[in-house]
Amino acid sequence: MTVPVHLPEKVTVLVVDDSDDQRALLRRYFERAGCLVTTVKNAEDAIAAYTRVTPDLAVIDLVLPGMSGWELTERLRVDRPDCVIAVTSVLDESAYPPTEATLPKPFTGAQIRSVLRDYVPKWTEL
Numbered sequence: 033m034t035v036p037v038h039l040p041e042k043v044t045v046l047v048v049d050d051s052d053d054q055r056a057l058l059r060r061y062f063e064r065a066g067c068l069v070t071t072v073k074n075a076e077d078a079i080a081a082y083t084r085v086t087p088d089l090a091v092i093d094l095v096l097p098g099m100s101g102w103e104l105t106e107r108l109r110v111d112r113p114d115c116v117i118a119v120t121s122v123l124d125e126s127a128y129p130p131t132e133a134t135l136p137k138p139f140t141g142a143q144i145r146s147v148l149r150d151y152v153p154k155w156t157e158l
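Here this note's numbering is used: position 40 in the sequence shown is 72, and no number is missing along the way.
Shown next, in the form of structure tokens:
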């Protein structure tokens, strides 16, 4: 008799940052944490991405070309209210819009896992 094995569903993460290095670093940290990651370099691409697949978590840089991270955060709240939002920036945290989580730059892998553990209930540590 075979016993069915329940594999946890992977957390989907949308990373929005105009820096190639920061996108790559965030991708690496989230993939190491077992997440499926989509990265984009601006808000307009982020909207197109979350229209296709609703992320569990969106990590948004505040300073973006075109539409700002503040504007994207507001729009995402309306378009995908169940998506957890984490802001990342070099700006002082007092300038961040209200979101569930923050990842001030420079961030660490431990901070990434902490955001997942504290704000994304379906994430389980590997």
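C-beta: ideal position from N, C-alpha, C; glycine also.
Remember, it's a predicted structure, so these values are computed and weren't measured experimentally.
- For the pair R145 and E157, the CB atoms are nearer than the 9 Å cut-off.
- The beta carbons of I117 and L108 sit about 6 Å from each other, so the pair counts as a contact at 8 Å.
- Distance check between G141 and each of P87, Y61, V43 and Q54 places Y61 closest, using alpha-carbon atoms only.
- Inclusion of K137 and S121 in the CB contact set at 9 Å is warranted, their separation being smaller than that value.
- The DSSP assignment places 44-48 and 68-72 as complete runs of the beta strand (DSSP E) inside the stretch 40-81, in order along the chain (cut-off: 3 residues).
- Going by beta carbons, V47 and L58 fall inside the 9 Å limit.
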